[in-house]
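To start, the structure under review is shown below, and the notes come after it.
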Amino acid sequence: MEHRGFKARNILTGFARRSTLARRPIVGRRPRISLLPTPYSLLLALLYLLASISIPSAHAQGSHPTDELIKGVRFEQNLNQQLPLDLTFQDEAGQKVQLADYFGQKPVILVFAYYDCPMLCTLVLNGLAATLNNLTFDIGDQFEVITVSIDPTDTPALATAKKAVYLEQYRQPEAGAGWHFLVGEDAAIDQLTQAAGFYYQYDSDKQEYAHPTGIMVVTPAGKIARYFYGIDFPARDVRLGLVEATANKIGSPVDQLLLLCYHYDPVVGEYTVAIMNVIRLAGLTTVAAIGAVVMVLFRRERGRKLGESLSKA
Numbered sequence: 002m003e004h005r006g007f008k009a010r011n012i013l014t015g016f017a018r019r020s021t022l023a024r025r026p027i028v029g030r031r032p033r034i035s036l037l038p039t040p041y042s043l044l045l046a047l048l049y050l051l052a053s054i055s056i057p058s059a060h061a062q063g064s065h066p067t068d069e070l071i072k073g074v075r076f077e078q079n080l081n082q083q084l085p086l087d088l089t090f091q092d093e094a095g096q097k098v099q100l101a102d103y104f105g106q107k108p109v110i111l112v113f114a115y116y117d118c119p120m121l122c123t124l125v126l127n128g129l130a131a132t133l134n135n136l137t138f139d140i141g142d143q144f145e146v147i148t149v150s151i152d153p154t155d156t157p158a159l160a161t162a163k164k165a166v167y168l169e170q171y172r173q174p175e176a177g178a179g180w181h182f183l184v185g186e187d188a189a190i191d192q193l194t195q196a197a198g199f200y201y202q203y204d205s206d207k208q209e210y211a212h213p214t215g216i217m218v219v220t221p222a223g224k225i226a227r228y229f230y231g232i233d234f235p236a237r238d239v240r241l242g243l244v245e246a247t248a249n250k251i252g253s254p255v256d257q258l259l260l261l262c263y264h265y266d267p268v269v270g271e272y273t274v275a276i277m278n279v280i281r282l283a284g285l286t287t288v289a290a291i292g293a294v295v296m297v298l299f300r301r302e303r304g305r306k307l308g309e310s311l312s313k314a
């Protein structure tokens, strides 16, 4: 029995030693990687499968109404669309006005917001104010700004308070005559936003509006010329948009040159480099430079020959 026990211990010891050696990588060889799933990996896979089955059913039952609201929030590019300028609103002073009162001579920057918006409208208006401060054009001189509330319950008092905030941020507080904050009724708001391609939704649970972010540049005749998306609007792009909206009636020769090098991309809502125009402009510049050099050399040679002929005489 003792002999058998000793033999059994040797067998077990040898088995343990072999299993230990099997787990050690042999020098010069790669360790074997088992392709068989472990119980832990099987459990994770099962949990993942259950999660993937349960999540779609929750959406199907409408447990996320915010997602449905967001689907209706967007900008549609209605370029060259005529805005209904006969619509009536109230300005910040409570006076009835028509949109046509702000058009005819200058381009207009149009922005939709609502005056007790908890966050997004403030970001848009802050971004617009920063851009206006960086423009070399002045509100009321080269263009007008119209902010229209999408909330029919907003009042002229709210519009006045909001206007005061942003005039204080603008570099020329006296420009209030050129920046207008309007309120209106449902029908007028709906007609204007639909014509502008601005689609928003009201979240009755949160009592807030879900809306896209951006601004529009409108021609003096009331047609949409440009869209700029987001909350940050490059001053160069907005300036070029205003110049184009007036058919180049405002701006400088530099703006005309920039419009040769940049073109408006309606997909992204910004001005991008017009490669072919840049190449053409570079080619013309090169030809002009070569022509100037040839002219200088020709005149120099002509002067040299004239000098030689005079010296011989």
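Heads up, the sequence shown stops at 314 in this note's numbering, and the numbers go up one at a time, no gaps. For each residue, glycine too, the CB sits at the ideal point set by N, CA and C. Small disclaimer: the values here were computed from a predicted structure and weren't measured.
Would the beta-carbon of residue i fall within 9 Å of that of residue j?
i: alanine 159; j: valine 146; result: Reading off the sequence, residue 159 comes out as leucine, not alanine. No, Cβ-Cβ distance for leucine 159 and valine 146 is not below 9 Å.
i: lysine 72; j: tyrosine 116; result: no
i: phenylalanine 76; j: glycine 198; result: yes
i: glycine 185; j: valine 149; result: yes
i: tyrosine 228; j: glutamine 78; result: yes
i: valine 112; j: isoleucine 216; result: yes
Strictly by DSSP, which residues pair up with residue i?
i: serine 150; result: Ala114
i: phenylalanine 76; result: Phe199
i: tyrosine 210; result: Tyr203
Whole angstroms are fine: how far does the CA of residue j sit from the CA of residue i?
i: leucine 136; j: arginine 172; result: 10 Å
i: proline 221; j: alanine 114; result: 22 Å
i: glutamine 143; j: alanine 176; result: 12 Å
i: alanine 94; j: tryptophan 180; result: 13 Å
i: tyrosine 167; j: phenylalanine 104; result: 22 Å
i: glycine 231; j: alanine 248; result: 25 Å
i: aspartate 155; j: valine 98; result: 16 Å
i: threonine 132; j: isoleucine 110; result: 12 Å
i: glutamine 202; j: glutamine 192; result: 15 Å
i: alanine 165; j: leucine 126; result: 13 Å
i: proline 85; j: isoleucine 225; result: 11 Å
i: leucine 100; j: aspartate 206; result: 33 Å
i: proline 119; j: aspartate 152; result: 13 Å
i: aspartate 139; j: proline 174; result: 11 Å
i: glutamine 91; j: alanine 196; result: 19 Å
i: glutamine 106; j: glutamate 271; result: 25 Å
i: threonine 161; j: leucine 183; result: 9 Å
i: valine 218; j: leucine 241; result: 10 Å
i: alanine 178; j: cysteine 122; result: 22 Å
i: proline 267; j: phenylalanine 234; result: 15 Å
Let's see if you can read the secondary structure: which residues bound the beta strand (DSSP E) around residue i?
i: leucine 183; result: 180–183
i: valine 218; result: 215–219
i: lysine 97; result: 97–99
i: arginine 227; result: 225–230
i: threonine 89; result: 89–91
With 16 as the cutoff for other CB atoms within 10 Å, does residue i come out buried or exposed?
i: proline 108; result: buried
i: methionine 277; result: Any reading at methionine 277 needs caution, since the residue's pLDDT is 38, under 50, leaving its predicted position unreliable; the model's value is listed next. By the neighbour-count rule (16 or more Cβ atoms within 10 Å), methionine 277 is not buried but exposed.
i: glutamine 96; result: exposed
i: threonine 214; result: buried
i: glutamate 169; result: exposed
i: aspartate 204; result: exposed
i: alanine 246; result: buried
i: serine 64; result: A caution first: serine 64 carries a pLDDT of 35, below 50, which makes its placement in the model unreliable, though a value can still be read off. It is exposed - the Cβ of serine 64 has fewer than 16 other Cβ atoms within 10 Å.
i: proline 32; result: Unreliable placement is indicated for proline 32, whose pLDDT of 43 sits below 50; no coordinate value is reported for it.
i: aspartate 238; result: buried
Tell me which residue opens and which closes the alpha helix (DSSP H) that residue i is part of.
i: alanine 188; result: 187–197
Less than 9 Å between CB atoms is the rule here; does residue i satisfy it with respect to chain C?
i: valine 218; result: The structure shown contains no chain C; it is built from a single protein chain.
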